[in-house]
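Working notes, structure below.
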Ligand SMILES: [Zn+2]
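In the numbering used here, the protein residues as written are 26 to 437.
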């Protein structure tokens with residue numbers, strides 16, 4: 026079974042969440058193999074059936090369409106969704122529609138309001154990814170290929186994708202997108218995020234400047250509760266701890282997408298924060314995320330040069346690199362923090378020297394370890410055979426040329 030194979034290839038570790046279309050056999054397989062995994066349905070596959078199920082006239086009714094989409098996508102809480110859904114069913118006379126009844130029964134597996142607290146890394150619209158992967162592989166493979174041809178094309182396609190990723194990674198590290206506000210927090214977002222994530226963050230910053238205003242403030246102890254107006258007219262509620270800088274917004278964009286929303290940005294700006302608090306910069310969205318080494322289930326390095334380090338040391342090395350990058354970034358905007366970090370690293374280095382001489386692998390050793398063999402001590406290079414230069418001898422002719430020449434001779 027595919028689900029069982031997936032579990033084995035993932036070293037027996039079950040995923041936290043799986044998204045599929047409404048395939049019944051997948052649902053049964055997932056329930057059996059991943060009893061504790063959250064299973065969500067792809068909204069795109071469900072909404073694709075809307076026209077067929079409610080009829081073209083109803084689907085094209087702008088009032089119905091706007092209210093239905095707003096209810097499905099825009100509801101922030103289950104109770105908000107339920108009340109909007111019920112009023113739509115009543116207002117448009119859809120109480121007898123069995124498909125809508127079924128979708129309402131399974132609402133907690135496809136309506137975003139039911140899993141706003143679950144981090145989905147922006148894959149709510151699953152189809153955009155799966156369909157783009159389908160198109161990607163369809164471009165380079167088809168069902169008539171022999172196995173070996175498929176394998177070669179598959180590898181080429183993957184290499185092409187990796188190359189594109191490297192290019193984007195390079196652009197994120199060495200180029201800077203234009204800022205659209207004079208807010209320091211936008212500049213900080215640009216420093217830490219990849220270009221793609223920064224584009225979304227920047228959209229939030231601009232919306233915060235243009236549409237969000239503080240409507241009310243209530244303070245109890247260190248927690249400030251702030252009402253923020255927004256473009257849609259809804260008032261979002263942000264709770265902000267002035268001591269820890271912890272913020273939570275009723276729109277729950279951070280919990281779902283991992284990027285802080287416009288409402289929290291307004292609050293941070295008003296609180297005088299020039300930077301995004303570190304707990305709101307997810308490592309996976311940072312420029313340094315791709316610098317972390319990856320390993321397979323057996324501890325083999327998946328990218329970068331392989332070395333003779335043990336799997337345990339490799340993993341520790343990877344974690345240390347990641348932590349070092351984060352600490353360096355967290356300190357670089359403050360002289361006091363930077364001095365402290367410099368001292369700690371210096372002390373650690375001195376300590377390591379005292380623990381024994383620090384041997385550094387030479388470039389030659391690194392290279393030998395990479396190619397898996399050592400350089401020979403004596404290298405004999407023989408002079409190459411003398412090759413005929415152009416025009417010095419007769420060229421071997423291809424079959425077609427010979428045929429043409431034969432015909433010319435016959436024609437004479
Ligand atoms: Zn918000």
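Every residue gets a Cβ at the ideal spot worked out from N, C-alpha and C, and that includes glycine. Since this is a predicted model, take the numbers as computed values, not measurements.
According to the DSSP assignment, residue 64 belongs to the beta strand (DSSP E) that extends over 63-66. Excluding its 5 nearest sequence neighbours in each direction, residue 109 has C-beta neighbours in its own chain below 8 Å: 92, 95, 96, 100, listed in chain order. Shown here, residue 212 sits in a helix according to DSSP, grouped into three states. In this structure, the C-beta of residue 261 approaches ligand 1 to less than 7 Å from one of its heavy atoms. For residue 111, the uninterrupted alpha helix (DSSP H) segment begins and ends at 103-116.
With a cutoff of 7 Å, residue 286 counts as near ligand 1, since its C-beta is closer than that to a heavy atom of the ligand. Counting along the chain, residue 241 sits inside the beta strand (DSSP E) bounded by residues 238-245. In the DSSP assignment, residue 272 falls within the unbroken beta strand (DSSP E) covering 272-274. Where residue 94 is concerned, the enclosing alpha helix (DSSP H) starts and stops at 87-99. Assigned with DSSP and collapsed to three states, residue 377 falls in helix. Counting every other CB atom within 10 Å of its CB across the protein chains shown gives residue 210 a total of 16 or more, marking it as buried. For residue 32, the enclosing alpha helix (DSSP H) has its first and last residue at 27-34.
For the 8 Å CB-CB criterion, residue 272 and residue 284 do not form a contact.
At a Cβ-Cβ threshold of 8 Å, residue 136 and residue 125 do not count as neighbours.
Exposed is the label assigned to residue 187, since fewer than 16 other Cβ atoms lie within 10 Å of its Cβ. In the DSSP annotation of this structure, the continuous segment of the alpha helix (DSSP H) that includes residue 292 starts and ends at 287-295. By the CB criterion at 8 Å, residue 252 and residue 245 fall outside the cutoff. Taking the Cα of residue 63 as reference, the smallest distance to any Cα among 250, 140, 359 is reached at 140. The Cβ atoms of residue 218 and residue 311 lie closer than 8 Å to each other. For residue 301, the shortest separation between its Cβ and any heavy atom of ligand 1 does not lie below 7 Å.
Taking a cut-off of 8 Å on C-beta distances, the segment 348-359 touches the segment 295-314, as three or more cross pairs fall below it.
Distance from the CA of residue 143 to the CA of residue 366, rounded to the nearest whole angstrom, comes to 34 Å. As DSSP reads the structure, residue 251 sits in a beta bridge with 242, 263. Contact between residue 224 and residue 287 does not hold, since their C-beta atoms are separated by about 14 Å, which reaches or exceeds 8 Å. Following the DSSP letters along the chain, one finds residue 42 inside the beta strand (DSSP E) bounded by residues 42-45. By the neighbour-count definition (other C-beta atoms within 10 Å, threshold 16), residue 203 is an exposed residue. Take the alpha-carbon of residue 123 and the one of residue 192: they are about 50 Å apart. For residue 129, the enclosing alpha helix (DSSP H) covers residues 123-130. The beta carbon of residue 274 sits closer than 7 Å to at least one heavy atom of ligand 1. The alpha-carbon separation between residue 88 and residue 116 amounts to approximately 11 Å. Here residue 174 is exposed. Its C-beta has fewer than 16 other C-beta atoms within 10 Å.
For the pair residue 231 and residue 201, the Cα-to-Cα distance works out to about 17 Å.
Residue side-chain check: residue 289 places its Cβ nearer than 7 Å to a non-hydrogen atom of ligand 1. A distance of 8 Å or more separates the beta carbons of residue 257 and residue 237. When DSSP reads this structure, residue 311 sits in a beta bridge with 218.
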